[in-house]
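Note sheet for the following structure.
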Amino acid sequence: MQRREKVKEAMVHAWSSYERYAWGNDELQPQSKDGVNSFGGLGATLIDSLDTLYIMGLDEQFQRAR
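Per the numbering used here, residue 1 is the first one in the sequence shown, and the count goes up by one each step.
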(Lines of atoms letter the chains of each structure in order from A and count residues from 1; the text may use other names and numbers.)
(Lines give C-alpha, C1' and ligand atoms only; values in the text may rest on other atoms or scores of the structure.)
Protein backbone atom coordinates (compact mmCIF):
# COMPACT_ATOMS: atom_id res chain seq x y z
CA MET A 1 0.00 0.00 0.00
CA GLN A 2 1.32 3.42 -0.87
CA ARG A 3 2.11 5.94 1.82
CA ARG A 4 -0.63 8.22 0.48
CA GLU A 5 -3.28 5.56 1.03
CA LYS A 6 -2.03 4.83 4.54
CA VAL A 7 -2.24 8.51 5.44
CA LYS A 8 -5.76 8.72 3.99
CA GLU A 9 -6.76 5.59 5.91
CA ALA A 10 -5.45 7.14 9.14
CA MET A 11 -7.44 10.33 8.48
CA VAL A 12 -10.63 8.34 7.86
CA HIS A 13 -10.07 6.44 11.11
CA ALA A 14 -9.44 9.63 13.12
CA TRP A 15 -12.36 11.49 11.54
CA SER A 16 -14.77 8.58 12.02
CA SER A 17 -13.84 8.41 15.70
CA TYR A 18 -14.38 12.15 16.07
CA GLU A 19 -17.78 11.89 14.37
CA ARG A 20 -18.84 8.99 16.55
CA TYR A 21 -17.62 10.12 19.95
CA ALA A 22 -17.08 13.88 19.91
CA TRP A 23 -19.17 15.42 17.12
CA GLY A 24 -19.49 19.18 17.63
CA ASN A 25 -16.91 19.32 20.42
CA ASP A 26 -13.49 20.86 20.04
CA GLU A 27 -11.50 17.66 20.49
CA LEU A 28 -11.76 13.92 20.99
CA GLN A 29 -9.99 12.36 23.95
CA PRO A 30 -9.18 9.00 22.33
CA GLN A 31 -8.59 6.93 25.45
CA SER A 32 -11.79 7.95 27.21
CA LYS A 33 -13.72 8.44 23.93
CA ASP A 34 -15.09 11.73 25.24
CA GLY A 35 -15.47 15.03 23.48
CA VAL A 36 -14.05 18.08 25.24
CA ASN A 37 -14.35 21.79 24.59
CA SER A 38 -10.88 23.10 25.32
CA PHE A 39 -11.22 25.93 22.77
CA GLY A 40 -14.47 27.45 23.99
CA GLY A 41 -16.77 24.98 22.22
CA LEU A 42 -16.13 26.37 18.75
CA GLY A 43 -15.83 22.95 17.11
CA ALA A 44 -12.08 23.33 16.59
CA THR A 45 -11.60 19.87 15.06
CA LEU A 46 -14.43 20.50 12.59
CA ILE A 47 -12.98 23.80 11.46
CA ASP A 48 -9.39 22.59 11.41
CA SER A 49 -10.22 19.46 9.40
CA LEU A 50 -12.27 20.96 6.57
CA ASP A 51 -9.34 21.70 4.28
CA THR A 52 -7.73 18.32 4.93
CA LEU A 53 -10.95 16.45 4.17
CA TYR A 54 -11.37 18.44 0.95
CA ILE A 55 -7.77 18.03 -0.24
CA MET A 56 -7.83 14.29 0.48
CA GLY A 57 -10.98 13.87 -1.59
CA LEU A 58 -13.04 12.67 1.37
CA ASP A 59 -16.17 14.23 -0.08
CA GLU A 60 -18.77 12.51 2.11
CA GLN A 61 -16.95 13.45 5.29
CA PHE A 62 -16.41 17.00 4.00
CA GLN A 63 -20.13 17.44 3.23
CA ARG A 64 -21.13 16.23 6.70
CA ALA A 65 -18.63 18.62 8.30
CA ARG A 66 -19.79 21.72 6.39
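Just so you know, even glycine gets a beta-carbon here, dropped at the ideal spot from N, CA and C.
Straight-line gap, residue 46 to residue 26 (C-alpha atoms, nearest Å) = 8 Å
For the segment 30-65, list the alpha helix (DSSP H) runs that are entirely contained and at least 4 residues long, ordered along the chain.
-> 44-55, 59-65
Going along the chain, which residues of its own chain have a beta-carbon closer than 6 Å to the beta-carbon of residue 15, five neighbours each way excluded?
-> 61
Does the distance from the CB of residue 56 to the CB of residue 11 come in under 8 Å?
-> yes
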